[in-house]
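Following my numbering, the numbering of the sequence shown begins with 46 at its first residue and continues without gaps.
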Amino acid sequence: MFEKMFKLQKNHTTVRTEMLAGLTTFMTMAYILAVNPGILSASGMDAGAVFTATAVTSAIACFCMAAFSNLPFALSAGMGLNAYFAYTVCGQMGYSWQVALTAVLFEGLVFIILSLTNVREMIFNAIPQPLKMAVSVGIGFFIAFIGLQNAHIIVGGPTLVGLFSFNHSLASGTFHTEGITVLIAVIGILITFAMLLRDVKGFMLYGILITWVLGMIAQATGLYVPNPEIGFYSVIPTAIVSTPASLSSTFMKFDFAFIKDHLLDFIVVTFAFLFVDVFDTLGTLIGCASKADMLDENGKLPQIRGALYADSVGTICGACLGTSTVTTFVESSSGIAEGGRTGLTTVTTGALFLVALFLSPLFLTVPAFATAPALVVVGFLMIQQVAKIEWDNMLDAIPCFVCITAMPLTYSISEGIALGVISWVVLHLLSKDHKGLTPLMYILAVLFTLKYFVI
């Protein structure tokens, strides 16, 4: 059955590999089930309803990805977009969360139109091959940076970011909360890399579980002392099964009257959601597809249209159920690193999101420092694409460098793509070399520039 549905042999994979990959992807992105309700509740939404909406929407979107494209890319409520929803639209702008959900709904509808007219596919194909490789490398640095931050190995400081200080932790008395988790994360990273070197099948998932077990041992022996007030929670589950919260408070709660009275404001909000989602999704698809060697000789992804449909449908479903914009998750690369190559990986991830509805106490206990090793190792694996960039060709290499460095430093995939495209067009024009300068690249460069100075 699975062979007929997902063409496993054609993709050189097995049921076991695909399911292990799906489990690994889920474990690295399950944090969204804890983070998303916390962020969106700041807008006034019920956290329990958001949890249910996030899990159900993620499952639906993952199933759509498998059905429409047979690709191993998982989806859920996008980080950054949820913060824009809660803190900018509902916070700084002062709009209700019902207005924000309405904007997300219209964004999803526009996505459908763009997909039907091949606009998003054309954008994907218009990006030159060297920039596609740079996007993959940039995402590698970005995801490794996220992992190091989640583990508190990299922290804020006078130089914006810095290395965690054990001396300061011991002196301030925070070693048994923050310090020990940093140490466990470092051990977890080393163990995960060691398993990679030994070619251990399932090394990514084992790395997460081993690091989590080390955390539980540390808590049981008193080495780790949870302190929820500063964001350090118990890593030992106190319960396993729970009943999903009702969606009644968020289901179909749209405010269409706002559009009539404040059309221009509504368009601005919707466009902001649209822009970030389009290029975050395209960047993730480029990066993950490059890692999995799914791009053809022309740098195109044959099944991209189905992947974009899945993203659109997921966003519309999310708006109806009560969560922010759904997008393809860069953490999908962890499952790809485990060998995931088909929609069976995504179906497994989606099924686990449904299981999480009833096992939320278990999944929500997995600490960020336990998933950090997987993200760091995935970053290492994705950065290897840098060898495919012709660094002797300065004209191509400089925009690639801009794209790669911008992603982690701006904390945004879409910003990395924007700056990469702008620099590619400007430098090729100045050098009078029009290679790769299609009309769509000119249009993208102009739109990206307007975004920074006008919109």
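For each residue, glycine too, the CB sits at the ideal point set by N, CA and C.
Nothing here was measured: the structure is a model prediction, and the numbers come from that model.
The DSSP-derived three-state label of Ser-291 is coil. Under a 10 Å Cβ-count criterion, Gln-264 is classified as buried, with 16 or more other Cβ atoms of the shown protein chains found around its own Cβ. Annotation: Val-200 is outside any alpha helix (DSSP H); the continuous beta strand (DSSP E) that includes it extends over 199-202. Taking 8 Å as the cut-off, the Cβ atoms of His-221 and Leu-268 count as close. Here Arg-386 is buried, its C-beta having at least 16 other C-beta atoms within 10 Å. A check of alpha carbon separations from Val-206 across Pro-175, Thr-455, Phe-493 and Gly-481 identifies Thr-455 as the nearest.
Per DSSP, reduced to three states, the secondary structure at Ala-92 is helical. Secondary structure at Val-60: helix, using DSSP grouped into helix, strand and coil. Between Ala-104 and Gly-395, the C-beta spacing is below 8 Å. Its chain contains Phe-414 as the residues whose beta carbon lies nearer than 6 Å to that of Thr-226, once the 5 sequence neighbours on both sides are disregarded; these appear in chain order.
Under the criterion of beta carbons closer than 8 Å, Pro-282 and Leu-407 qualify as touching, at roughly 5 Å. Ranked by Cα distance from Ser-181, the first of Gly-202, Ala-451, Ile-198 and Ser-468 is Ala-451. CA-to-CA, the gap between Met-261 and Ser-86 works out to about 29 Å. When DSSP states are grouped into helix, strand and coil, Thr-226 belongs to the helix group. Put simply, the region 418-430 does not touch the region 283-299. Fewer than three CB pairs are less than 8 Å apart. In this chain, Ala-122 is not harboured by any alpha helix (DSSP H); it is covered by the beta strand (DSSP E) spanning 120-122. Here the region 105-121 makes no contact with the region 148-165; the two share fewer than three CB pairs at distances below 8 Å. Straight across, the Cα-Cα distance linking Ile-312 with Gly-384 is about 41 Å. With fewer than 16 neighbouring CB atoms inside 10 Å of its own CB, Met-46 falls in the exposed class. Within the same chain, Ile-84, Leu-85, Ala-87 and Ser-88 come within 7 Å of Ala-131 by CB-CB distance, once the 5 residues on both sides are set aside. Between Thr-391 and Gly-136, the gap from beta carbon to beta carbon reaches 8 Å or more. The Cβ atoms of Arg-165 and Leu-353 lie closer than 8 Å to each other.
Straight-line spacing of the CA atoms in Gly-328 and Val-149 works out to 20 Å. If you ignore the 5 residues before and after Pro-289, its C-beta comes within less than 6 Å of the C-beta of Thr-97 and Leu-402, all in its own chain and listed in chain order. Note that the C-beta distance between Val-375 and Gly-332 is below 8 Å. Of His-213, Leu-254, Lys-305 and Met-167, the smallest CA-CA separation from Gly-233 is found for Leu-254. Within the region 301-331, the runs of alpha helix (DSSP H) at least 4 residues long that lie entirely inside it are, in chain order, 302-306. In terms of Cβ geometry, Leu-399 and Ala-100 form a close pair [threshold 8 Å].
Nearest to Val-466 by C-alpha distance, out of Lys-480, Cys-448, Pro-418 and Ile-458, is Cys-448. Inclusion of Thr-237 and Pro-418 in the CB contact set at 8 Å is warranted, their separation being smaller than that value. When DSSP states are grouped into helix, strand and coil, Asn-115 belongs to the coil group. Selection Leu-176, Asp-356 and Ala-337 evaluated against Leu-154 yields Asp-356 as nearest (Cα-Cα). Excluding sequence positions up to five before and after Gly-351, its CB lies within less than 6 Å of the CB of Phe-113 and Ser-114, all in the same chain and listed in chain order. Between the alpha carbons of Thr-266 and Ile-381 lies a gap of roughly 36 Å.
Secondary structure note for Val-470: its alpha helix (DSSP H) is the uninterrupted segment 458-475. Our two residues, Leu-242 and Val-314, have alpha carbons roughly 47 Å apart in a direct line.
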